[in-house]
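S.K.: In my numbering, the protein residues as written are 50 to 278.
Here a beta-carbon is modelled for each residue, glycine too, at the ideal position from N, C-alpha and C.
(1) Return the CA-CA distance between residue 120 and residue 51, expressed in angstroms with no decimal places.
(2) Does DSSP put residue 134 in a helix, a strand or coil?
(3) Taking the C-alpha atoms as reference points, what is the distance between residue 136 and residue 104?
(4) Helix, strand or coil for residue 260? Go by DSSP, reduced to three states.
(5) Using C-beta distances below 8 Å, list every residue in its chain close to residue 268, excluding the 5 sequence neighbours before and after it, in chain order.
(6) Is the segment 246-253 close to the segment 101-115, with three or more CB pairs under 8 Å?
(7) Would you kindly check if the distance between the Cβ of residue 210 and the Cβ of residue 175 is under 8 Å?
(8) Please classify residue 158 as buried or exposed, where buried requires at least 16 other C-beta atoms within 10 Å of its C-beta.
(9) Here's a check: name, in chain order, each residue in its chain whose Cβ is nearer than 8 Å to the Cβ of residue 86, leaving out the five neighbours to either side.
(10) Can you tell me whether residue 95 is buried or exposed? The criterion is at least 16 other CB atoms within 10 Å of its CB, across all chains shown.
(11) Nearest-angstrom Cα distance between residue 205 and residue 60?
(12) When the Cα atoms are used, what is the spatial distance from residue 141 to residue 189?
(13) So what does DSSP say about residue 120, is it helix, strand or coil?
(14) Output the distance between the C-alpha atoms of residue 108 and residue 208, rounded to the nearest integer angstrom.
(15) Identify the continuous alpha helix (DSSP H) that holds residue 247 and give its terminal residues.
(16) Do you know offhand how far residue 276's Cα is from residue 81's?
(17) Is the segment 162-176 touching the segment 145-153 in the sense that three or more CB pairs, one from each, lie closer than 8 Å?
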């Protein structure tokens, strides 16, 4: 995958993610509705590829306004990832040379890798994750609006123990996907399915759309690493 194609695909996916986020804000107070409408329009322009640099700059400004208004990211990790992708794409357009453009996009790829690896590390050092009780509590006591049928999974400790370790091992080994592009694509598909499962089971739909926005850059980054080494 070329750098230009990776950027274009990332912008399309980012635009879709921002559009979805904007619909949520349009159900809030007047200020949030206004910002949500502006961001939704900008997201459409971004998906169409119209003036991506200026669109991303304005989206960054609106993101900062929302962070200030809510005294931090409105939706935690998904909003943080949105800002990260926006900043790196902006820098790639502003870069004075190909070298600095690759640095900006490489930084995004490294942060994506770390987002999975660090998540796995936090889990593996936590005894509740190692024995499966953390995931059991997620299903049994989650504040998210999940069905009673889903909550019944909390009564299957052995299954949840296997699921816990499957998640931990996958996240810790994710950096090794850089060794081969086929392995990377498989790993990204698994990661996307993981985000999709969280969206379906717990309503964490924001995570499903914003993380894959960085996947095209990740695929380009692996190919670039393979060229160098």
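M.R.: Quick look at the numbers:
(1) If you number the chain shown from 1, residue 120 lands on position 71. If you number the chain shown from 1, residue 51 lands on position 2. Roughly 38 Å between the two C-alpha positions.
(2) Within the chain shown, residue 134 is the residue found at index 85, counting from 1. Residue state, collapsed to three classes: helix.
(3) Residue numbering aside, residue 136 sits at position 87 when the chain shown is read from its first letter. Residue numbering aside, residue 104 sits at position 55 when the chain shown is read from its first letter. The alpha-carbon atoms of residue 136 and residue 104 are separated by roughly 12 Å.
(4) Looking up residue 260 in the chain shown gives position 211. Looking at residue 260 - three-state DSSP - the assignment turns out to be coil, as it is neither helix nor strand.
(5) By 1-based counting over the chain shown, the position of residue 268 is 219. These residues qualify, in order along the chain: 50, 55, 230, 233, 234 and 237.
(6) no
(7) As a first step, residue 175 must be located in the chain shown, where it is residue number 126. As a first step, residue 210 must be located in the chain shown, where it is residue number 161. It is not a contact, given that the beta carbons lie outside the stated cut-off.
(8) By one-based count along the chain shown, residue 158 stands at place 109. The residue in question, residue 158, is buried, as its Cβ has 16 or more Cβ neighbours within 10 Å.
(9) Looking up residue 86 in the chain shown gives position 37. Around residue 86: 71 and 75.
(10) Counting from one through the chain shown, the residue named residue 95 turns up at place 46. That one is buried.
(11) Locating residue 205 in the chain shown gives position 156, where the first residue counts as 1. Locating residue 60 in the chain shown gives position 11, where the first residue counts as 1. Looking at the two C-alpha atoms, the distance is approximately 41 Å.
(12) Here the question's residue 141 lines up with position 92 in the chain shown. Here the question's residue 189 lines up with position 140 in the chain shown. Between residue 141 and residue 189, the C-alpha separation is close to 44 Å.
(13) On the chain shown, residue 120 is found 71 positions in, with the first residue counted as 1. In this structure, residue 120 counts as coil in the three-state DSSP scheme.
(14) Within the chain shown, numbered from 1, the residue matching residue 108 stands at position 59. Within the chain shown, numbered from 1, the residue matching residue 208 stands at position 159. Going by the C-alpha atoms only, they are around 42 Å apart.
(15) For this step, residue 247 is matched to residue 198 along the chain shown. Note, residue 247: alpha helix (DSSP H), 230-251.
(16) Reading the chain shown from its first residue, position 227 is the one you call residue 276. Reading the chain shown from its first residue, position 32 is the one you call residue 81. Taking the straight line from one Cα to the other gives about 46 Å.
(17) no
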